[in-house]
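Here the structure is laid out as structure tokens; the discussion comes afterwards.
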């Protein structure tokens, strides 16, 4: 095992607590990629018609009808929320910290932490959840679980759903690229269209669950302010660095007993003020995490 990985294992073993800060790179390492074979398997028809080559671009495409928009997005949500990640990375990560006092702060919206067994009361999903809808206005500070609505949209396109929630297109058939108008999601409160509960503008609904998690996160940080804590950042980039990366740097700077750890494909620089408290490991996060628990 790499010397840095051995050192990380030692620091986690000796720590009073671990806080995980997870970005999109962790889910990518777990196999939730938005391009290549996985994109082609589920969106080749949209790709042929409109020319985009990745799920992210397709998500912002200006579809002419809501029926087509939700055909695309129902597939998108299903495979990135209700199907399990191809690799065991999240389960491996849970094995690493399940005996510790831990907390998770994440910008990911794919629910992978809870599916892997992490305690919901120790999770703060700052940017929302693919599995929740909210009113487009919004008319209220509520969200609604969308699994049944998304499932109906998927089935209406001609797919069947397998034992492990995989999408199966019967042989000799082509998926429909629109859904019936009656399946368009409507707000139970006011009747307006529903949308995903994803932070993209000032209309994002921070519902009761979000508010509770935000308080739990602040309480956890306060209670561990001077303790021996490992701030384990995984797959975090610079799209929203203020949520995890900069916050972790600040917390470590203020706590001389803390250690900042960064797992990313490439080794990154850290502020000079916390270099002596930092451990930067470049490479495949999935393989690094697997090595820590093997």
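Residue numbers (this note's numbering): -3 to 290. No residue lacks a Cβ here, since even glycine has one placed at the ideal position from N, Cα and C. Owing to the predicted nature of the structure, the values given are computational and were not obtained by experimental measurement.
Spatial neighbours of residue i in its chain, beta-carbon cut-off 6 Å, leaving aside the 5 residues before and after
{"i": "residue 161", "result": "78, 79"}
{"i": "residue 89", "result": "285"}
{"i": "residue 7", "result": "226, 255"}
{"i": "residue 74", "result": "146, 150"}
{"i": "residue 0", "result": "277"}
Test: residue i CB closer than 8 Å to a CB of chain B
{"i": "residue 31", "result": "Among the chains in the structure shown there is no chain B, since it carries only a single protein chain."}
Cβ-Cβ separation, residue j to residue i (assumed contact under 8 Å), whole Å
{"i": "residue 193", "j": "residue 128", "result": "4 Å"}
{"i": "residue 275", "j": "residue 22", "result": "Not a contact, Cβ separation roughly 17 Å."}
{"i": "residue 289", "j": "residue 130", "result": "The Cβ separation is near 37 Å, so there is no contact."}
Top-ranked residue by Cα proximity to residue i, from the options
{"i": "residue 140", "options": "239, 179, 185", "result": "185"}
{"i": "residue 69", "options": "143, 209, 263", "result": "143"}
{"i": "residue 217", "options": "125, 12, 236, 2", "result": "12"}
{"i": "residue 42", "options": "157, 172, 15", "result": "172"}
{"i": "residue 109", "options": "81, 130, 95", "result": "81"}
{"i": "residue 63", "options": "99, 73, 153", "result": "153"}
{"i": "residue 237", "options": "101, 86, 66", "result": "101"}
{"i": "residue 65", "options": "191, 220, 219, -2", "result": "191"}
{"i": "residue 224", "options": "98, 54, 177, 67", "result": "98"}
{"i": "residue 170", "options": "235, 155, 246, 187", "result": "155"}
{"i": "residue 219", "options": "247, 283, 204, 94", "result": "247"}
{"i": "residue 234", "options": "215, 260, 214", "result": "260"}
Contact check, residue i vs residue j, beta carbons under 8 Å
{"i": "residue 239", "j": "residue 103", "result": "yes"}
{"i": "residue 212", "j": "residue 114", "result": "no"}
{"i": "residue 280", "j": "residue 251", "result": "no"}
{"i": "residue 71", "j": "residue 175", "result": "no"}
{"i": "residue 124", "j": "residue 37", "result": "no"}
{"i": "residue 189", "j": "residue 145", "result": "no"}
{"i": "residue 269", "j": "residue 249", "result": "yes"}
{"i": "residue 126", "j": "residue 148", "result": "no"}
{"i": "residue 165", "j": "residue 157", "result": "no"}
{"i": "residue 85", "j": "residue 282", "result": "yes"}
Cβ-based neighbour list, residue i, same chain, cut-off 7 Å, excluding 5 preceding and 5 following
{"i": "residue 244", "result": "17, 227, 229, 256"}
{"i": "residue 51", "result": "30, 35, 39, 72"}
{"i": "residue 27", "result": "81, 82, 83"}
{"i": "residue 57", "result": "46, 48"}
Heavy atom of the ligand HEM within 7 Å of residue i beta-carbon
{"i": "residue 143", "result": "Absence of the ligand HEM is noted for the structure shown, with no ligands found whatsoever."}
Sequence-distant residues of the same chain with beta carbon closer than 8 Å to residue i, five excluded per side
{"i": "residue 96", "result": "8, 11, 13, 14"}
{"i": "residue 55", "result": "68, 69, 72"}
{"i": "residue 205", "result": "139"}
Q. With a cut-off of 8 Å, do at least 3 Cβ pairs link the stretch 253 to 272 to the stretch 45 to 65?
A. Contact fails: fewer than three Cβ-Cβ distances are below 8 Å.
Q.
With three or more C-beta pairs closer than 8 Å as the rule, is the stretch 130 to 141 touching the stretch 192 to 210?
A. Contact check between the stretch 192 to 210 and the stretch 130 to 141: three or more CB pairs, one atom from each, fall below 8 Å, which counts as touching.
Q: Specify whether the stretch 221 to 236 and the stretch 12 to 21 touch according to this definition: at least 3 beta carbon pairs, one from each stretch, less than 8 Å apart.
A: By the Cβ rule, the stretch 221 to 236 counts as touching the stretch 12 to 21, because three or more pairs are nearer than 8 Å.
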